[in-house]
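Structure first, then comments.
In the UniProt record's numbering, the protein residues as written are 1 to 142.
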């Protein structure tokens with residue numbers, strides 16, 4: 001079976017560290033697959049706040065929605081580990097972009113996972129996909 005391969009962009013523009021909580025751990029005693037996506041969501045929100053946006057529904061008058069996701073697991077992580085999430089953008093297009101995440105164990109420097117979320121701008125008043133605001137496009141290259 002073919003495996004998903006996620007390449008890292010040449011430039012990662014944000015990083016944040018998240019501690020693994022007991023609720024992130026599955027019955028096998030390591031980071032659960034469902035928790036990885038929640039951690040990526042937290043990293044994305046921290047990135048947006050660093051740009052001055054309070055949350056995903058208020059980005060230059062529009063909202064952001066996740067259109068698709070992909071996750072590649074590379075190593076285990078355990079309760080109490082600190083994961084450094086590095087973020088970058090790829091496939092920037094008229095309506096959105098792919099946000100690429102790299103999760104690395106802060107202590108061992110092992111890469112734990114790579115993720116992609118395809119993010120699209122959405123006008124919640126018209127309930128339609130919207131073009132990416134120019135003011136936001138410039139922030140992807142900062």
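For each residue, glycine too, the CB sits at the ideal point set by N, CA and C.
Our two residues, residue 63 and residue 6, have alpha carbons roughly 26 angstroms apart in a direct line.
Annotation: residue 73 to residue 17 spans about 18 angstroms, alpha carbon to alpha carbon. In the three-state reduction of the DSSP assignment, residue 22 falls in the helix class, which pools H, G and I.
In chain order, 84, 85, 86, 87 place their CB closer than 8 angstroms to the CB of residue 15, counting only its own chain and leaving out the 5 sequence neighbours on each side.
Per the C-alpha coordinates, the member of 94, 61, 116 positioned closest to residue 44 is 116. Residue 33 and residue 47 have their C-alpha atoms some 22 angstroms from each other. Residues 131 of the same chain have their beta carbon placed closer than 6 angstroms to that of residue 94, with the five preceding and five following residues left out of the count.
In the three-state DSSP reduction, residue 46 falls in the helix class (H, G or I). The beta carbons of residue 67 and residue 118 sit closer together than 7 angstroms.
When the alpha-carbon of residue 29 is set against those of 140, 78, 126, the nearest one is in 78.
Distance between residue 92 and residue 99, taken at the CA atoms: about 9 angstroms. Residue 59 holds the alpha-carbon nearest to the alpha-carbon of residue 124 among 114, 101, 59, 137.
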